[in-house]
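Here the working numbering runs 930 ahead of the position in the sequence shown, where the first position is 1.
Notes follow the structure.
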Amino acid sequence: MASNSETDSDVTETFTNVESDESDNDSVSNSYKGSGSGEEEEQDNESDNEEEQDNHSDSEEEQDMAESLNERRRRLRHELDIGISGSIVMTLLQPCLDKGHHLFLDSWFTNPLLFEKLYARSTGACGIVRQGRVGLPKFEDKIEKGQQVYQNTDNMLALKWHDKREVMMLSTIHEPRMEFTGKNYPKTEVPIRKPVSIIDYNSKMGTVDKADMQISFVEC
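This is the structure in structure tokens:
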């Protein structure tokens, strides 16, 4: 990452192909005369057909079980990769991927691996991220109030900002710019500036919080 700072056994089942070398058994012709021989041959044919059907049924069941097992393995690898929370996001977003949407997430869902997968599916993302998530860069232990430090890759920004407390933000849709909020600090009257990602996140997630509050009022 480029760093900047601003004061502000695949289990392969080996099947042994035992080719039953059925040496061309000389067909033993029954020299019995009469209808008895025909009935015995008919019964043998019916028995062979039933055995073939049973074998076919067993083969289909084994194939279904193998497909089910492979699907469970794929899901497990997927969850281990981006976590259960990330797997939930990808599952719910399936109809919306590859359409250029932007997604805002809280800290329970946000992680770099998930954001990489979303970016690969033409879906931008922004969210507060918990320190210690796999894939996050290391920042300075403490920064001054109003200061931001950040690191970025070609498609992702990891930013640490100190206002009332330190906050870490992850985004694939923002640059590390700061903008004035239109408000001033109460004591100093100094205009307040915040990272664009913080301003945008508060705007979008604030709407969600208000909607949740209204729903709770209705339920009461």
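Beta carbons are placed, not taken as given, at the ideal position from N, Cα and C, and that holds for glycine.
Straight-line gap, residue i to residue j (C-alpha atoms, nearest Å)
{"i": "H1008", "j": "T1118", "result": "Low local confidence applies: a pLDDT of 49 at H1008 is under 50, so the model's placement there is unreliable, with the coordinate-based value given in what follows. Straight-line Cα distance between these residues: approximately 50 Å."}
{"i": "S953", "j": "S998", "result": "Note that S953 has pLDDT 42, beneath the 50 cutoff, so the model's placement of it is unreliable and the number below is only indicative. Taking the straight line from one Cα to the other gives about 39 Å."}
{"i": "W1038", "j": "F1045", "result": "13 Å"}
{"i": "Q1061", "j": "S1101", "result": "15 Å"}
{"i": "I1073", "j": "Y1080", "result": "11 Å"}
{"i": "E1070", "j": "T1021", "result": "35 Å"}
{"i": "V1126", "j": "N1132", "result": "10 Å"}
{"i": "M1135", "j": "A1050", "result": "24 Å"}
{"i": "Q1024", "j": "L1033", "result": "13 Å"}
{"i": "N1114", "j": "V1059", "result": "27 Å"}
{"i": "A1088", "j": "A996", "result": "42 Å"}
Among the options, nearest to residue i - alpha-carbon criterion
{"i": "G873", "options": "M995, K1047, M1135, P1121", "result": "Residue 873 lies beyond the range of the chain shown here (931 to 1150); nothing can be said about it."}
{"i": "I1129", "options": "N1114, F1110, Y1115, P1116", "result": "F1110"}
{"i": "T1040", "options": "Q1078, G1112, M1086", "result": "M1086"}
{"i": "S902", "options": "G1136, L1048, P1106", "result": "Residue 902 lies beyond the residue range present for the chain, which begins at 931 and ends at 1150; the question has no answer from this structure."}
{"i": "K1068", "options": "G1030, M1098, D1093", "result": "M1098"}
{"i": "E1105", "options": "H1031, D1036, D1084", "result": "D1084"}
Expected contact under 8 Å - CB spacing of residue i and residue j to nearest Å
{"i": "I1012", "j": "G1054", "result": "In fact, because the Cβ distance is near 17 Å, the residues do not count as touching under 8 Å."}
{"i": "G1057", "j": "L1043", "result": "Incorrect: roughly 13 Å between the Cβ atoms, too far for contact."}
{"i": "R1095", "j": "M1108", "result": "Not confirmed; about 18 Å, so no contact."}
{"i": "S1052", "j": "D1028", "result": "5 Å"}
- Message: Going residue by residue through the region 1041-1115, where are the continuous beta strand (DSSP E) segments of at least 3 residues, counting only ones entirely within it?
- Response: 1054-1058, 1078-1082, 1087-1092, 1096-1101, 1108-1114
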